[in-house]
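Single-structure report; data block below.
Chains as they are written, first to last, in the numbering used here: chain A, 138 to 462; chain B, 160 to 482.
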């Protein structure tokens, strides 16, 4: 498959958009500006970007607790995400959701989820609704390797397969379920082989190679869109930081610095950046400019979040039920 | 007026809603060809086909979870979980997803879904097919909880539930499924939060739900001969709860028994008792009595099950105590 240069530049740009966001909010979190808890996806950027470049705005996306990257890759904007992280009224969810519960229905983001595996069965139903309404949309559902061991994974994939629902399930395998490594969690090499149990295609791909993710997802998304049913893709990647921001020793309790460094060597952004520069597709200077632009946009987003009001006290009681008069 | 069973009234409502709104579909275990474990969906597959009346895999998490997804995608799912006893396996979907999606995403999305569940002890089904813990759902912000008693209430409330923009837990008690009652052929709705005074009385209020409404009505008739006039109030929906109708009755009679098949401890009967105690205690002439299942699992052996199920005997004992 030939990927045009424009798409390759867009891949780099989208990954930088996520990396810049995650690094900035990590800084803000440690400085005490962002309350609560949050789960960073630094190092995993190739997965959302490679997948979402195959989607239309009208397609649906469901995600996990580690969902900032997915929301950004589907078109989420810094300022509304930042305001949500600050717990402000102007955030995507009016400050009701925070890091674990982002949604922006207008761009098809139906929700990230605080329950591991919580979105998988829901995605099967969203897929069913597409088929039922004879629409040509596609649903993608991101979750981690931990979620692949929940009962919901089995039920959701089987259900989607039986209904031939247009859903692409993406395992973002970052090697750890909080502190528990893969070797203690399952007995297979490739989690994607589980797809065979549902008679759907299952592929494992290098999740730090954005072009490989893009091509694999393209096949699955096109298949789903044309009525071929669901698919499972496992993307092998790694989270650079602890399970959540502020985790003691930032993940070093259960893994070594050497391991972390070896994955940093495989950084998806570094790989693409070097390849594009070597191929004369983009210049160092252009990449620097891109990074600067994201930094400026982040500063504006922080300013927006800081200046935004907190939700009114009565918001506590709003949106529990829809008023039916 | 013609008389039909509770089950037939629900079937009529489903048929009406599916004819009038393409977005409405049903799924669950054995609801298609078999027509549901209690026959509520009988024959629907013949009229609407297997694309809208769907026999699902035996996967409760997915039955509820994918129902939620279908609602998010613009449909109006009517989802059946065969017994309330099977909901603990999919409680994450009910409590963390179905109930909370509208709130935690700041009102952006809605889950207009009806989850039908069968409750109650009957026919020696033992500990895992006999429970009535729907008070748990009342305890969960975001859910509507509907507990119809008569065929008339069943049809009107299911119509309202399917039309609702909110997620609804629709509770069907086994003991009432085949009881007949008057049901108009035309379509109608019953608003949520609207209790029904099933019998007028002066001396004692019995707030009862589902099968216990029938028991209370029978006992009230017996007691009339002994000179005790009993008012029977059926809340019909536990959330929202029509406090005013309950309070008005208690203000008139001064005595209250709350009868619900759930375990007495921390159940809806406790909640209604607490509300009365907190807000209108000055009208009470005697302590409130709760009637419900004991704090035990439901046993299998017929005489033990009989002792477990709250009914007329327990109501008579409570009345003797309160009067």
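Each residue gets a CB set at the ideal place from its N, CA and C atoms; glycine is no exception.
Checking contacts by CB at 8 Å: is residue 418 of chain B closer than that to chain A? Your numbering for residue 418 of chain B matches position 259 in the second chain. Not one chain A Cβ lies under 8 Å of residue 418 of chain B.
Short check: CB of residue 258 of chain A to CB of residue 224 of chain B, under 8 Å? Along the first chain, one-based indexing puts residue 258 of chain A at 121. Along the second chain, one-based indexing puts residue 224 of chain B at 65. Yes. Within cutoff.
What are the uninterrupted segments assigned as beta strand (DSSP E) that are 3 or more residues long and contained completely in the stretch 349-427 of chain B, given in chain order? 355-358, 363-367, 389-393, 396-398 and 415-422
Given a cut-off of 8 Å, decide if residue 185 of chain A and residue 146 of chain A are closer than it, judged by their beta-carbon atoms. To locate residue 146 of chain A, count along the first chain from 1; it is residue 9. To locate residue 185 of chain A, count along the first chain from 1; it is residue 48. Not closer than 8 Å, so no.
Nearest-angstrom Cα separation, counted from residue 324 of chain B out to residue 461 of chain A: Along the first chain, one-based indexing puts residue 461 of chain A at 324. Along the second chain, one-based indexing puts residue 324 of chain B at 165. If you take the alpha carbons of residue 461 of chain A and residue 324 of chain B, they lie about 8 Å apart.
Is the CB-CB distance between residue 338 of chain A and residue 357 of chain A below 8 Å? To locate residue 338 of chain A, count along the first chain from 1; it is residue 201. To locate residue 357 of chain A, count along the first chain from 1; it is residue 220. Going by C-beta atoms, residue 338 of chain A is nearer than 8 Å to residue 357 of chain A.
Would you kindly work out how many angstroms separate the C-alpha atoms of residue 515 of chain A and residue 425 of chain A, rounded to a whole number? Since the displayed chain A opens at 138 and closes at 462, residue 515 of chain A lies outside it and no answer follows.
Touching or not, the stretch 411-418 of chain B and the stretch 307-322 of chain B, by the rule of three or more beta carbon pairs under 8 Å? no
Measuring CB to CB, does residue 451 of chain B end up less than 8 Å from residue 481 of chain B? Locating residue 451 of chain B in the second chain gives position 292, where the first residue counts as 1. Locating residue 481 of chain B in the second chain gives position 322, where the first residue counts as 1. Taking 8 Å as the Cβ cut-off, residue 451 of chain B and residue 481 of chain B do not qualify as a contacting pair.
Relative to the C-alpha of residue 273 of chain B, which candidate in B:168, B:185 and B:287 has its C-alpha closest? Along the second chain, one-based indexing puts residue 273 of chain B at 114. Residue B:185 is the option with its Cα nearest to residue 273 of chain B.
Does residue 350 of chain A come out as helix, strand or coil in the three-state DSSP assignment? If you number the first chain from 1, residue 350 of chain A lands on position 213. Residue 350 of chain A: helix per DSSP, three-state reduction.
Taking the alpha helix (DSSP H) that residue 440 of chain A falls in, what are its first and last residues? Translated into positions along the first chain, residue 440 of chain A becomes position 303. 421-444 is the extent of the alpha helix (DSSP H) around residue 440 of chain A.
Proximal residues to residue 341 of chain B (C-beta, below 8 Å), its chain only, five neighbours per side dropped: The sequence position of residue 341 of chain B within the second chain is 182, counting from 1. The answer, listed in chain order, is 160, 161, 162, 310 and 311.
Contacting positions in the stretch 257-283 of chain B - beta carbon closer than 8 Å to chain A: 260, 261, 262, 263, 264, 265, 266, 267, 268 and 269
Residues in the same chain with beta-carbon distance under 7 Å from residue 231 of chain A, minus the five sequence neighbours each way, listed in chain order, please. For the purposes of this step, residue 231 of chain A is taken as residue 94 along the first chain, with counting starting at 1. Excluding positions up to five away in sequence, the list reads 448 and 452.
Where DSSP assigns a beta bridge to residue 449 of chain B, which residues make up the other side? Mapped onto the second chain, residue 449 of chain B falls at position 290. Note: residue 449 of chain B sits in a beta bridge opposite B:417.
List, in chain order, every chain A residue whose beta-carbon is nearer than 7 Å to that of residue 252 of chain B. The residue given as residue 252 of chain B occupies position 93 in the second chain. Chain A residues near residue 252 of chain B: 258.
In chain order, each alpha helix (DSSP H) run of at least 4 residues that lies wholly inside the stretch 161-217 of chain A: 183-189 and 205-210
Is the separation between the beta-carbon of residue 332 of chain B and that of residue 278 of chain B shorter than 8 Å? Taking the second chain and counting its residues from 1, one reaches residue 332 of chain B at position 173. Taking the second chain and counting its residues from 1, one reaches residue 278 of chain B at position 119. Going by C-beta atoms, residue 332 of chain B is nearer than 8 Å to residue 278 of chain B.
Whole alpha helix (DSSP H) elements within the stretch 238-321 of chain A, 4-residue minimum: 257-269 and 288-299
Leaving out five residues on either side along the sequence, give the residues of the same chain with a beta carbon under 7 Å from the beta carbon of residue 297 of chain A. Indexing the first chain from 1 puts residue 297 of chain A at position 160. Taken in chain order, the residues that qualify are 261, 264, 304 and 367.
So, with DSSP's three-state summary, where would you put residue 244 of chain B? Here the question's residue 244 of chain B lines up with position 85 in the second chain. Helix.
Exposure of residue 426 of chain B, with buried meaning 16 or more beta-carbon neighbours within 10 Å: Residue mapping note: residue 426 of chain B aligns to position 267 of the second chain, counting from 1. Under this definition residue 426 of chain B is a buried residue.
Just checking my contact of residue 187 of chain B with residue 239 of chain B at CB under 8 Å: how many whole Å lie between their CB atoms? Taking the second chain and counting its residues from 1, the one referred to as residue 187 of chain B is at position 28. Taking the second chain and counting its residues from 1, the one referred to as residue 239 of chain B is at position 80. About 3 Å separates the two Cβ atoms, so the contact holds.
Name the residues in the stretch 313-327 of chain B whose C-beta lies less than 8 Å from a C-beta of chain A; which are they? 323, 324 and 325
What does residue 368 of chain A pair with, by DSSP beta-bridge criteria? Here residue 368 of chain A corresponds to residue number 231 of the first chain, with the count starting at 1. Answer by DSSP bridge pairing, in chain order: A:305.
Anything in chain A within Cβ reach of residue 255 of chain B, meaning under 7 Å, just list it in chain order. Your numbering for residue 255 of chain B matches position 96 in the second chain. What residue 255 of chain B touches in chain A: 252 and 255.
What are the partner residues of residue 187 of chain B, as DSSP defines its beta bridges? The residue labelled residue 187 of chain B in the question sits at position 28 within the second chain. Per DSSP, B:214 and B:239.
Considering only their Cβ atoms, is the gap separating residue 376 of chain A from residue 227 of chain A smaller than 8 Å? Along the first chain, read from residue 1 onward, the residue named residue 227 of chain A stands at position 90. Along the first chain, read from residue 1 onward, the residue named residue 376 of chain A stands at position 239. No, the pair does not count as a contact, with Cβ atoms beyond the cut-off.
Residues from the stretch 218-231 of chain B in contact with chain A, defined by Cβ distance under 9 Å: 218, 219, 220, 221, 222, 223, 224, 225, 226, 227, 228, 229, 230 and 231
Alpha-carbon spacing of residue 181 of chain A relative to residue 338 of chain B, whole angstroms: As a position in the first chain, residue 181 of chain A is number 44, starting the count at 1. As a position in the second chain, residue 338 of chain B is number 179, starting the count at 1. Rounded to whole angstroms, residue 181 of chain A to residue 338 of chain B spans 59 Å at the Cα level.
The beta strand (DSSP E) spanning residue 176 of chain B covers which residue range? Locating residue 176 of chain B in the second chain gives position 17, where the first residue counts as 1. That residue, residue 176 of chain B, is in no beta strand (DSSP E); its alpha helix (DSSP H) goes 165-179.
Chain-order list of residues whose beta-carbon lies under 8 Å from that of residue 127 of chain A (same chain, five-residue window excluded): A query on residue 127 of chain A cannot be resolved here, the shown segment of chain A reaching from 138 to 462 and no further.
If I measure Cβ to Cβ from residue 289 of chain B and keep anything under 6 Å in the same chain, skipping five residues before and after, which residues do I get? Here residue 289 of chain B refers to the residue found at position 130 when the second chain is read from its first residue. Answer for residue 289 of chain B: 280 and 457, listed in chain order.
Interface residues of chain A around residue 247 of chain B at Cβ under 8 Å? Here residue 247 of chain B is taken as the residue at index 88 of the second chain, counted from 1. Near residue 247 of chain B there are no residues of chain A at all, since even the closest Cβ is about 12 Å away, more than 8 Å.
Kindly list the residues whose CB is nearer than 7 Å to the CB of residue 432 of chain A, restricted to its own chain and excluding five residues on each side of it in sequence; keep chain order. Sequence index remark: in the first chain, residue 432 of chain A carries index 295 (1-based). If we look at residue 432 of chain A and ignore the five residues flanking it on each side, its Cβ neighbours are 157.
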